[in-house]
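Protein chains in written order, with this note's numbering: chain A, 76 to 456; chain B, 76 to 456. For reference, the structure is listed below as structure tokens.
There are 2 protein chains.
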Amino acid sequence: MGCLRASRVFSMGFSITYRTMSAAAPKLVAVAESRRFMIDCFKAVKVPQAHAEAQADLLVAADHRGHFSHGMNRLEMYINDLAINSTDGAAVPKILKETPATAWVDGLNGLGAVVGNYCMDLAIKKAKTVGVGWVCAKGSNHYGMAGWYAIRAMDQGLVGMSMTNTSPLMAPTRAKEAALGTNPLSLGANATNGDKFLLDMATTAVAVGKIEIQRRKGAPLPDGWAQDPSGEVTNDAELGFSTGCLMPLGGSELTSGYKGYGLGAMVDILSGVMSGANYSTQVRKWTHAGADSAADLGQVFIAVDPNCFAPNFEERMADFNSRLRGATPTDPSKPVLLAGDKEKKGMADVDAAGGIQYLENQLKTCANLAEILKIKPLSFV
Amino acid sequence: MGCLRASRVFSMGFSITYRTMSAAAPKLVAVAESRRFMIDCFKAVKVPQAHAEAQADLLVAADHRGHFSHGMNRLEMYINDLAINSTDGAAVPKILKETPATAWVDGLNGLGAVVGNYCMDLAIKKAKTVGVGWVCAKGSNHYGMAGWYAIRAMDQGLVGMSMTNTSPLMAPTRAKEAALGTNPLSLGANATNGDKFLLDMATTAVAVGKIEIQRRKGAPLPDGWAQDPSGEVTNDAELGFSTGCLMPLGGSELTSGYKGYGLGAMVDILSGVMSGANYSTQVRKWTHAGADSAADLGQVFIAVDPNCFAPNFEERMADFNSRLRGATPTDPSKPVLLAGDKEKKGMADVDAAGGIQYLENQLKTCANLAEILKIKPLSFV
């Protein structure tokens, strides 16, 4: 199985929502209006109200935080999958097997957010009873930003983790073809006074979108981002983009890319292999045109009650966070950040501005969707 | 808190056991003899027989696999800690709190292997009852290779994970001082026919030992391994070694080093913060001379029964492994490996040779220990 071809990568739509690339005057969309629009889109392809809301909440949360690749950007792909029935918008997940601490769930090809919320809520319930809930789902679809599910556990005072496998896009160390996805993992933990640690990361070095930005700028790629068709590291953004073979976190073997490769495999084992879903090269490609088969992605949702261990976890987290943020910076103008700080600032920026600033081509996609689906177009602040 | 100084890093003894640096004729030590020697050393500093065996089993397993930094290399440090009572060789861990799926354990400053085995056995017992066992320990000491505990769960047909915090040595992204340790994590899963996936990795890009090897060779450091005193990436092996500030997996911010930093923090949250042990910059330095205070390290041990999810897990793992190993290699002379393959080869090499080949200066350290502790010196094959 070769790597994704250029046309395919481009069609995955990582290109259309980077606000850094916008030159047009800001046209802001209120968070509630973005949500309303997405709900209307989902309902137009026969998704029940509650499922449409769940999926829209997930997507708008990503845009709110500045994770544009995981927000409205993905709407068209979801809608196309729903329209051709490769996702079942009405499906309700089903428990196949359970113990006090675990559950094996069949997502029955439902929407990612519907499957994910169901599973994390189940994990939360188990964690509140026996301290840990560990829920694996097969038969799921793209579930958006992994951090969403960690936040769901954090909202209940728990530590949350989630992982998912995705379409092949990462070449194992020493290989010239993709055999794992970007396979993200998330972990979230509360500190006192509303402070948080929220890690949400792909196990590849970078996302395809970052390669595209370098290409548009005509700038070279740093070592360790992408491979050329022969499997060597490339600094040529055009070639890296057309090859579409991402390197694992760590880059080449010399800089320990095999660790990122190992982490990507770990995520697939805990999500895809353990749940009996597709895994590795079994996972289908996914494009804006919609897919011709069910994704059958695998995911895992873990909730842990920190009160089962040393008391005052959130107080210690506050101290832990301040030790990291308080480390002397190399450049005093660039403070040391904690996982989640950037997204927190993204939310504050949107709130201060009064809305989300989508790129022109994203707004064009939305206008097209409104026309095709015969729903009220997006309105601006 | 600044980074470790050169003398300190050197004294951590990462330098003394790399067989690649040996020029002397091979003097092999049988695995059983290496174990015998270590047990005798521990008993000489009043460690009870069972604890001495547990600790020796762990260390000799590391040497057997080729993880020399985590084997006999550490013996002197353990012995010194025991001799000055900064580790209690006789301590038996104690459960402070438990649920059907969790336990909070106080290691009572016992030997790392004693605490680790106790906790993983408890996690295994819980996993066999409710599907998952999640055990956090405070009051522990250096627990050797993280993979050891995953293997313990694998030996019972379970998926095993473990993480530990360690002495500060990694600079968070944008910081010029260390605030996290090398904080390793491990995950192991069985496949059919004795095949395994066994990830055991530090969350730093490389270990200090790799920097020292470049320095001895007079070779430059690749980007992303180490920082200079001002916090910038350095290619100067001498400077990188003397600064002693490792970079997280991923290297600089440009190549997503903040992900490795986030992983290191995740490990510390799940091991140090959650257990109520020391964490981040609270963790003491550790040298060959022994430490002047208890380490109070935090660790987590997780066992999961894959039979709680989709049946035939090991069959799917075999297929998963073969998809990764079977990916077309960039260089046909360098096959694509799976996490654990290198260590499996290490064991086979030692078995074929009939013993472990330690470096001369390691053997010298052993000879000194034998004299000081008045025990039978190491004998050779």
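The beta-carbon is built from N, C-alpha and C at its ideal position, and this holds for glycine as well.
In angstroms with no decimal places, state the Cα-to-Cα distance between residue i and residue j.
i, j, result
"residue 442(B)", "residue 454(B)", "10 Å"
"residue 306(B)", "residue 277(A)", "26 Å"
"residue 343(A)", "residue 204(B)", "25 Å"
"residue 96(A)", "residue 102(A)", "At residue 96(A), the pLDDT of 44 sits below 50, so the modelled position is not reliable; the number obtained from the coordinates is stated separately. Their Cα atoms are separated by approximately 14 Å."
"residue 388(A)", "residue 451(A)", "47 Å"
"residue 321(A)", "residue 171(A)", "35 Å"
"residue 403(A)", "residue 226(A)", "29 Å"
"residue 398(A)", "residue 356(B)", "7 Å"
"residue 245(B)", "residue 143(B)", "21 Å"
"residue 181(B)", "residue 168(B)", "6 Å"
"residue 401(A)", "residue 289(B)", "32 Å"
What residues from chain B crowd round residue i, counting only those whose CB sits closer than 9 Å?
i, result
"residue 294(A)", "Going along chain B, no residue has its Cβ under 9 Å from residue 294(A), so there is no contact; the nearest lies around 12 Å."
Out of the options, point me to the one whose CA is closest to residue i's CA.
i, options, result
"residue 192(B)", "249(B), 127(B), 254(B), 242(B)", "127(B)"
"residue 254(A)", "102(B), 438(B), 164(B), 413(B)", "413(B)"
"residue 151(A)", "368(A), 112(A), 167(A)", "112(A)"
"residue 323(A)", "315(B), 318(B), 334(B)", "334(B)"
"residue 210(B)", "220(B), 360(B), 228(B)", "228(B)"
"residue 125(B)", "166(B), 153(B), 161(B)", "166(B)"
"residue 352(B)", "180(B), 118(B), 214(B)", "214(B)"
"residue 410(A)", "328(B), 257(B), 314(B)", "328(B)"
"residue 109(B)", "137(B), 247(B), 120(B), 122(B)", "137(B)"
"residue 155(B)", "350(B), 319(B), 367(B)", "367(B)"
"residue 223(B)", "297(B), 308(B), 130(B)", "130(B)"
"residue 263(B)", "380(B), 384(B), 256(B)", "380(B)"
"residue 272(B)", "162(B), 240(B), 391(B)", "391(B)"
"residue 315(B)", "283(B), 326(B), 338(B), 339(B)", "283(B)"
"residue 220(B)", "134(B), 206(B), 317(B)", "134(B)"
"residue 463(B)", "249(B), 257(B), 232(B)", "There is simply no residue 463(B) to check, as chain B begins at 76 and stops at 456 in what is shown."
"residue 186(A)", "132(A), 208(A), 200(A)", "132(A)"
"residue 286(B)", "237(B), 299(B), 249(B)", "299(B)"
Given that residue i touches chain A, what residues does it touch there, using C-beta distances under 7 Å?
i, result
"residue 143(B)", "By Cβ distance, chain A contributes nothing, its closest Cβ being about 18 Å from residue 143(B), past 7 Å."
"residue 305(B)", "405"
"residue 272(B)", "340, 344"
"residue 276(B)", "334, 337"
"residue 370(B)", "Within chain A, no residue comes near residue 370(B); the closest Cβ sits about 16 Å away, beyond 7 Å."
"residue 379(B)", "209"
"residue 228(B)", "Ordered by position in chain A, no residue passes the 7 Å Cβ test against residue 228(B), which lies about 14 Å from the chain."
Could you give the first and the last residue of the continuous beta strand (DSSP E) run that contains residue i?
i, result
"residue 167(B)", "That residue, residue 167(B), is in no beta strand (DSSP E); it is neither H nor E in DSSP."
"residue 262(A)", "260-265"
"residue 371(B)", "Element bounds for residue 371(B): n/a, residue is neither H nor E."
"residue 272(B)", "271-276"
"residue 342(A)", "No beta strand (DSSP E) holds residue 342(A); the alpha helix (DSSP H) holding it covers 332-343."
"residue 235(A)", "234-239"
"residue 180(B)", "177-181"
When we look at the beta-carbon of residue i and count the other beta-carbons within 10 Å, is it buried (16 or more) or exposed?
i, result
"residue 159(A)", "exposed"
"residue 294(A)", "exposed"
"residue 107(B)", "exposed"
"residue 291(B)", "exposed"
"residue 426(A)", "exposed"
"residue 428(A)", "exposed"
"residue 348(B)", "buried"
"residue 308(A)", "buried"
"residue 446(A)", "exposed"
"residue 444(B)", "buried"
"residue 230(A)", "exposed"
"residue 148(A)", "buried"
Cβ closer than 8 Å: which chain A residues qualify as neighbours of residue i?
i, result
"residue 213(B)", "385"
"residue 391(B)", "348, 351, 354"
"residue 359(B)", "Within chain A, no residue comes near residue 359(B); the closest Cβ sits about 15 Å away, beyond 8 Å."
"residue 247(B)", "399, 402, 411"
Which stretch, first to last residue, makes up the alpha helix (DSSP H) that contains residue i?
i, result
"residue 215(B)", "From DSSP, residue 215(B) is part of no alpha helix (DSSP H) but of the beta strand (DSSP E) over 207-215."
"residue 440(A)", "435-448"
"residue 300(A)", "That residue, residue 300(A), is in no alpha helix (DSSP H); it is neither H nor E in DSSP."
"residue 154(A)", "150-158"
"residue 424(A)", "416-428"
"residue 347(B)", "Counting along the chain, residue 347(B) falls outside any alpha helix (DSSP H), and DSSP gives it neither H nor E."
Quick one: which chain B residues come within Cβ less than 7 Å of residue i?
i, result
"residue 174(A)", "205, 206, 383"
"residue 414(A)", "337, 340"
Can you name the residues of chain A whose CB is closer than 9 Å to the CB of residue i?
i, result
"residue 47(B)", "A query on residue 47(B) cannot be resolved here, the shown segment of chain B reaching from 76 to 456 and no further."
"residue 254(B)", "398, 399, 401, 402, 411"
Whose Cβ in chain B lies nearer than 8 Å to the Cβ of residue i?
i, result
"residue 388(A)", "348, 349"
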